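Note that the numbering used here has the sequence shown beginning at 1441, numbered continuously upward. All C-beta atoms, glycine included, are put in the ideal place defined by N, C-alpha and C. Small disclaimer: the values here were computed from a predicted structure and weren't measured.
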Amino acid sequence: MNTIVENNTDTFELQVRKLVNSQRDYFKSNATRPAEFRLRQLKKLKTLLLEHEEDMHKAIFKDFGKSKYENQLTEFFPLIDEINITIKNLKKWMQHKNVRTNLLNFPAKSYLVPEPLGVTLVIGAWNFPYNLSLTPLVGSMAAGNTTILKPSELPAETSKIMTKIINENFDPNYLRVVEGAIPETTALLKQRYDKIFFTGSPMVGKIVNKAAAEHLTNVTLELGGKNPSIFHKDAALKVGVKRMIWAKFVNSGQFCITTDYALVHKDIKDEFLKLAVQEIEKGNFSKENHNYVQIINERNFDRVINLINPDKVYYGGNYNREDRRIQPTILTDVSLNDKVMQEEIFGPILPVIEYETIDEAFEIIKRFEKPLAAYLFSDSSAIKDRFLAEIPFGSGGINDCVMQVSNPNIPFGGVGHSGMGRYHGKYSFECFSHLKGVLDKPTVIETNLKYYGYSEKRMKIMKALS
Ligand code: NAD
1441 MNTIVENNTD TFELQVRKLV NSQRDYFKSN ATRPAEFRLR QLKKLKTLLL EHEEDMHKAI
1501 FKDFGKSKYE NQLTEFFPLI DEINITIKNL KKWMQHKNVR TNLLNFPAKS YLVPEPLGVT
1561 LVIGAWNFPY NLSLTPLVGS MAAGNTTILK PSELPAETSK IMTKIINENF DPNYLRVVEG
1621 AIPETTALLK QRYDKIFFTG SPMVGKIVNK AAAEHLTNVT LELGGKNPSI FHKDAALKVG
1681 VKRMIWAKFV NSGQFCITTD YALVHKDIKD EFLKLAVQEI EKGNFSKENH NYVQIINERN
1741 FDRVINLINP DKVYYGGNYN REDRRIQPTI LTDVSLNDKV MQEEIFGPIL PVIEYETIDE
1801 AFEIIKRFEK PLAAYLFSDS SAIKDRFLAE IPFGSGGIND CVMQVSNPNI PFGGVGHSGM
1861 GRYHGKYSFE CFSHLKGVLD KPTVIETNLK YYGYSEKRMK IMKALS
């Protein structure tokens, strides 16, 4: 097992306990509460990220061949944007929020006071390792908490550089990265926190939720699922396929909100497939000059290629084991009993399922757990209305795919098995805060309805006021 502090001879568990205790003491000192403190720390984090930008690009390229362009587009810019938005709005978010006072309590003021929660634990996933670790961290810092961050161990270089940036520059009583895999995370989860924010699979989400229940700790779970994209017969197909195919194969399909499977109306299926192949071929899948990132490790590589049934390959199906790259692959004539439809794919395979009526498409989606995301490609208002009214999903899009994540005004999170809680922008601040509800009474006026001396007459007044 790792050590948290170099050359420390305490057991890992004891080191974790000491770290949590010292963060709790620091939190209780009120040092993290003032807006000035929070803003100073957020600005410092931003400066450090900008200073280490090139190293961060190199680290992720080493981990799974993600190019600088794609890293900037999907990780670095959104992260810097999140910090900028937080810095700009923090003082506004921290203000008391007035709410109406009901007649029974008149005269009084009523308001909500955002309050930091305390010591938080953020556990990240590997597929967007910077974003999924540091975006929740920004929310936790903005809300005035102390944080222990456990990035995913799979992209080792990105984990290392985040550790360096944070542990060499911030007070460990305030922020500390603890690296590690299952044993370290298990040890971390034994401690009591005031908030746990977890991104990862539903299976590990259950482990986290159970550990949190032991201490009645508030949790946010950002999980996954099988996300559908419906292409109805009236879809603007060319632009729709272009958007969906980019979103499907960016990061080689290792993207929690991308399309897992496409439901395509039978009248447009041939055209859909032709356009999909054209779009895929705009990318380059040669070993020398690839646009597609690697699969994160061999275990996931094997898992994903095992989902390809060669009899159903319409396009692609090739892979290169030494390089951990899988060609963007389309499967057709897929049945719901096929292996590819039994689990979240999380890789560059697109199963295409044909449907005749929209009811049939909706019925297929409802056979699965509620997805993290769902997409509809259609220009029909009636179909859009039905999609929004009848299909449960965490977040989604109409005539686009994955881009809702880039709008900080849209909360990001799942529902049911795809997660609980939401974050990004102001929602991150709220995710890591408690809103204290306060009734603030003046002392000069007093009403006497609630006091002893109950009577029918007072009952009538009370009824009229309620
Ligand atoms: P994972 O659940 O295997 O790992 C996530 C984290 O949990 C890692 O930090 C890992 O070290 C830790 N972990 C793993 N096994 C553990 C155990 N037994 N006990 C304690 N901790 C453990 O997930 P992953 O492979 O990193 O990511 C893939 C999954 O995450 C997919 O299901 C995907 O949809 C989901 N995901 C969701 C989002 C989102 O924002 N909702 C984003 C990315 C990925």
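Discussion item. Could you tell me the alpha carbon to alpha carbon distance between G1665 and I1805, rounded to whole angstroms?
Written reply: Translated into positions along the sequence shown, residue 1665 becomes position 225. Translated into positions along the sequence shown, residue 1805 becomes position 365. Roughly 11 Å separates the two Cα atoms.
Practice prompt. Could you tell me which of A1627, A1822, L1771 sits nearest to A1716, measuring between CA atoms?
Written response: Here residue 1716 refers to the residue found at position 276 when the sequence shown is read from its first residue. Out of A1627, A1822, L1771, L1771 has the C-alpha closest to the C-alpha of A1716.
Item to complete: Give me every residue whose Cβ sits closer than 6 Å to any heavy atom of the ligand NAD, in chain order.
Response: I1563, G1564, A1565, W1566, N1567, L1572, K1590, S1592, E1593, A1621, I1622, T1625, T1626, T1639, G1640, S1641, V1644, I1647, E1662, L1663, G1664, C1696, E1784, F1786, L1812, G1854, G1859
Practice prompt. Within 10 angstroms of the Cβ of T1514, are there 16 or more other Cβ atoms? Answer buried if so, exposed if not.
Written response: Stepping through the sequence shown from its first residue, residue 1514 is reached at position 74. Buried is the call here.
Worksheet entry | Rounded straight-line distance, which links the Cα of Q1782 to that of R1616 | Residue mapping note: residue 1616 aligns to position 176 of the sequence shown, counting from 1. Residue mapping note: residue 1782 aligns to position 342 of the sequence shown, counting from 1. Those two C-alpha atoms are separated by around 38 Å.
Item to complete: Sort I1622, T1586, T1598 by Cα distance to P1612 and report the nearest one.
Response: To locate residue 1612, count along the sequence shown from 1; it is residue 172. For P1612, the nearest C-alpha among the options comes from T1586.
Fill in: Outcome for G1877 when other beta-carbon atoms lying within 10 angstroms are tallied against a minimum of 16
Here residue 1877 refers to the residue found at position 437 of the sequence shown. By the 10 Å Cβ count, G1877 comes out exposed.
Fill in: Cβ-based neighbour list, H1864, same chain, cut-off 6 Å, excluding 5 preceding and 5 following
Your numbering for residue 1864 matches position 424 in the sequence shown. Excluding sequence neighbours, H1864 sits near P1848, F1852.
Practice prompt. Below 7 Å CB to CB, which residues in the same chain sit around G1584 once its five sequence neighbours on both sides are set aside?
Written response: Here residue 1584 is taken as the residue at index 144 of the sequence shown, counted from 1. These residues qualify, in order along the chain: T1472, R1473, R1478, P1556.
Discussion item. In chain order, what are the residue ranges of uninterrupted alpha helix (DSSP H) at least 4 long that sit wholly in the region 1810-1837?
Written reply: 1821-1830
Worksheet entry | Extent of the continuous beta strand (DSSP E) to which G1877 belongs | As a working mapping, residue 1877 is identified with position 437 in the sequence shown. Looking at the DSSP string, the run of the beta strand (DSSP E) that includes G1877 is 1873-1880.
Practice prompt. Look at the Cβ atom of F1725, then the Cβ atom of Y1732, and state whether they are nearer than 8 Å.
Written response: Position 285 of the sequence shown, counted from the start, is the residue given in the question as residue 1725. Position 292 of the sequence shown, counted from the start, is the residue given in the question as residue 1732. Yes; because the gap between Cβ atoms is below 8 Å, this pair is in contact.
Worksheet item: In terms of alpha-carbon separation, which member of L1703, Q1463, Y1551, V1792 lies closest to T1769?
Response: If you number the sequence shown from 1, residue 1769 lands on position 329. Ranking the options by Cα distance to T1769, first place goes to V1792.
Fill in: Buried or exposed by the 16-neighbour rule on C-beta atoms within 10 Å, applied to N1909
No statement about residue 1909 is possible, as the shown extent of the chain runs from 1441 to 1906 and does not include it.
Worksheet entry | Residues of its chain near L1594, where Cβ-Cβ distance is below 7 Å and the 5 sequence neighbours each way are ignored | The residue you call residue 1594 lines up with position 154 of the sequence shown. Within the same chain, L1594 has close Cβ partners W1566, I1736, N1737.
Item to complete: Tell me whether Y1701 is buried or exposed, calling it buried when 16 or more other Cβ atoms sit within 10 Å of its Cβ.
Response: Start at 1 with the first residue of the sequence shown, and residue 1701 comes out as number 261. Y1701 comes out buried.
Practice prompt. Give the C-beta separation of E1619 and T1603 to the nearest angstrom, bearing in mind that I take them to be a contact with Cβ-Cβ under 8 Å.
Written response: Taking the sequence shown and counting its residues from 1, the one referred to as residue 1619 is at position 179. Taking the sequence shown and counting its residues from 1, the one referred to as residue 1603 is at position 163. 6 Å between Cβ atoms; contact.
Worksheet item: Is DSSP giving E1654 helix, strand or coil here?
Response: The residue given as residue 1654 occupies position 214 in the sequence shown. It is helical.
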